[in-house]
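Chemist: Numbering (the numbering used here), first residue to last: 13 to 629.
This is the structure I want to talk about, given as structure tokens.
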């Protein structure tokens, strides 16, 4: 591999020069930035709140100890020892496992397409945050009639800005619509930023990571300090962490906890293998695995406290407005003096009127106001960032400033994750020697970014949000479980437990203990198989469907559930299987190739690492 300018060369066991990180802090921040992403902000808090509050932490940390950290250690150790990207590592272990690296490469490529589209949305909201008032603070007027746009009045100003003024979404996935120019421009800008940051490999990402990895923690701290001073913060945190032990009897809780650990650490993407390959050969990868995994989980908890302190404030505001509307209805209907009924008096007054004049009370459009109801209005994914939290910001003094900080934080989080995804694409290509040495790395990176940009244009269509949800749901789930399973099997049973332990002894100065050996040999593979089977069972129980945004629907603004057309279901199945299919396809191709060589009686030129026994260290 060509030496990246400005990086200290390292000569590995095969005599090849390989760039190195400028410092240990660059490497750790890059891995943390890759692992800590948008899911820590908008998925973990939702799961924690939905699955028993503090009780959810029990299966979460069990999965972290017996699934996340052991698998993470394998990726860092094997990348550091063999000093190759994902494809090179698994081909070196055995040509029959080359499909594992190819699958990781394909997953990273597909994830890059839609992940940067999420950054496109974030950039659009960030640019619109430099306004007073914020553009999603009120409904636009309807020029054809008196009042506001009907779709906005029927939903909310925040939902209208997201679904109509940003996505301009169609009511059905079969209707592709047209390309939205504002999103296309933002998409081009996002890919330009990614290119500038990764064009020179770890030299450029190593510099950018100091900002992209640390800035989100600064913003989270600012939001936390502000959130804890807002009314309702205590209610939000109590709602988040009040344990419900009974919910642990639900198998879905354990499944979601295990998958959250899996995806949150970005396992089986190939990015961590690539990052570790630039480490000094005797770096303590065991310590790195534990530190980075714990930093990722602590970030999730830290973000949850921050998010739900703000959510508690929003719920308290919504609860107060609901009471005020009901109080105003009683005052108007029964001719009470203005402001004669307070929020605190409302329950007693309503009970008295229900007992004395139930017919008149029944005619009133009174809302069912309960604080718990508003606290339960949490969301996962883009719904939390672009609707729930965005609406909460509107209630905060100096709303534009808080909006700029929030979307700036999301952009930094997503950008640092993109660094790892791009490294999982570029490093394997360079290690395989498929790129001529005379081609500058900047040119290769530019070509990859251009191709990804062109492929991601489909997400800027009016139906693009539906397709992004498909990619997010089907590209990673099954594929990463299969890839991670073969990673463990490949290292422990093909490369050999003894050899792997010897490598770790050489790199770190001590052999793996009983915990690591039991986790690698038994617990992690069985846990991955259990997750895979449970996911398949749950997937088979429900037809493939999606939630549409249809202003013409009778129950609007509720999003009706629609079944995917047959051709879309076929695309979902293809995305669910394509990266994982690389494993058997590559193995069969290698088998046929070796048989052909034997027929021609050509001596084998394989230089891969010979399998060893899987005995104890």
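Using N, Cα and C, we set each Cβ at its ideal position, and we do this for glycine too.
The structure presented is a predicted model; accordingly, all values stated were derived computationally and were not measured.
1. In the DSSP assignment, what are the bridge partners of residue 473?
2. Does the Cβ of residue 156 have 16 or more other Cβ atoms within 10 Å, making it buried, or fewer, making it exposed?
3. Tell me, to the nearest whole angstrom, how far the beta carbon of residue 290 is from that of residue 30; I am working on the premise that it is less than 8 Å.
4. Which whole-angstrom value describes the C-beta separation of residue 218 and residue 38, a residue pair presumed to lie in contact below a C-beta threshold of 8 Å?
5. Between the segment 523-534 and the segment 309-329, do three or more beta carbon pairs fall short of 8 Å?
6. Comparing C-alpha positions only, which one of 52, 479, 174, 62 sits nearest to residue 388?
7. Report the rounded CA-to-CA distance for residue 173 versus residue 399, giving the unit in angstroms.
8. Using the Cα positions of residue 26 and residue 437, report the straight-line distance between them to the nearest angstrom.
9. Going by C-alpha to C-alpha distance, which of 355, 380, 346 sits closest to residue 368?
10. Beta carbon of residue 163, beta carbon of residue 176: below 8 Å?
11. For residue 323, which of 45, 600, 57 has the nearest alpha-carbon?
12. Terminal residues of the continuous beta strand (DSSP E) containing residue 557?
13. With DSSP as the reference, label residue 14 as helix, strand or coil.
14. Taking the C-alpha atoms as reference points, what is the distance between residue 79 and residue 496?
15. Is DSSP giving residue 573 helix, strand or coil here?
16. How is residue 107 classed by DSSP in three states: helix, strand or coil?
17. Beta carbon of residue 130, beta carbon of residue 421: below 8 Å?
18. Determine the extent of the alpha helix (DSSP H) in which residue 497 is found, giving its start and end residues.
19. Do residue 242 and residue 141 have their C-beta atoms closer together than 8 Å?
20. For residue 281, name the three-state secondary structure that DSSP assigns.
21. Can you tell me which residues form a DSSP beta bridge with residue 287?
22. Quick check: residue 111 and residue 605, are their CB atoms within less than 8 Å of each other?
23. Name the two residues that bound the continuous alpha helix (DSSP H) containing residue 360.
24. Along the chain, which unbroken stretches of the alpha helix (DSSP H) at least 4 residues long are found entirely within the segment 68-105?
25. At 4 residues or longer, and completely inside the segment 236-273: list those alpha helix (DSSP H) runs for me, N to C.
26. Skipping 5 residues on each side, what residues in its chain have a beta carbon closer than 7 Å to that of residue 278?
27. Alpha helix (DSSP H) containing residue 453: first to last residue?
28. CA-CA distance, residue 315 and residue 327?
29. How about residue 181 and residue 580: do their beta carbons lie closer than 8 Å?
30. Report the option in 470, 351, 137, 493 whose CA atom is closest to the CA atom of residue 419.
31. For residue 160, name the three-state secondary structure that DSSP assigns.
32. Just tell me which of 235, 501, 280, 133 has its CA closest to the CA of residue 87.
33. Please check the pair residue 178 and residue 286, which I expect to be a contact at CB under 8 Å, by giving their CB distance rounded to whole angstroms.
34. Across the segment 533-547 and the segment 145-159, are there enough close Cβ pairs to call them in contact, namely three or more that are closer than 8 Å?
35. In angstroms with no decimal places, state the Cα-to-Cα distance between residue 612 and residue 602.
36. Measure the CB-CB distance between residue 325 and residue 244 and report whether it falls below 8 Å.
Modeler: From the atom records:
1. 191
2. exposed
3. Contact check for residue 290 and residue 30: beta-carbon distance about 7 Å, within the 8 Å limit, so the pair qualifies.
4. A Cβ-Cβ separation of about 4 Å places residue 218 in contact with residue 38 under the 8 Å criterion.
5. no
6. Cα-wise, what sits closest to residue 388 is 62.
7. 9 Å
8. For residue 26, the pLDDT reaches just 41, beneath the cut-off of 50, and the residue's location in the model is therefore unreliable, leaving the point undetermined.
9. 346
10. yes
11. 57
12. 557-559
13. In this prediction, residue 14 has a pLDDT of 31, which is less than 50 and means its spatial position is unreliable; what the coordinates show is noted afterwards. Of the three classes helix, strand and coil, the one that applies to residue 14 here is coil, per DSSP.
14. 10 Å
15. strand
16. helix
17. no
18. 489-501
19. no
20. coil
21. According to DSSP, which records beta bridges pairwise, residue 287 is partnered with nothing at all.
22. no
23. Start and end: 358-368.
24. You should have 69-75, 81-94, 98-105.
25. 245-253
26. 46, 47, 284, 432
27. Segment 453-467, the alpha helix (DSSP H) holding residue 453.
28. 18 Å
29. no
30. The shortest CA-to-CA distance from residue 419 to any of 470, 351, 137, 493 is the one to 137.
31. Residue 160 sits in a strand when the DSSP states are folded into three classes.
32. 280
33. Not a contact, Cβ separation roughly 34 Å.
34. no
35. 15 Å
36. yes
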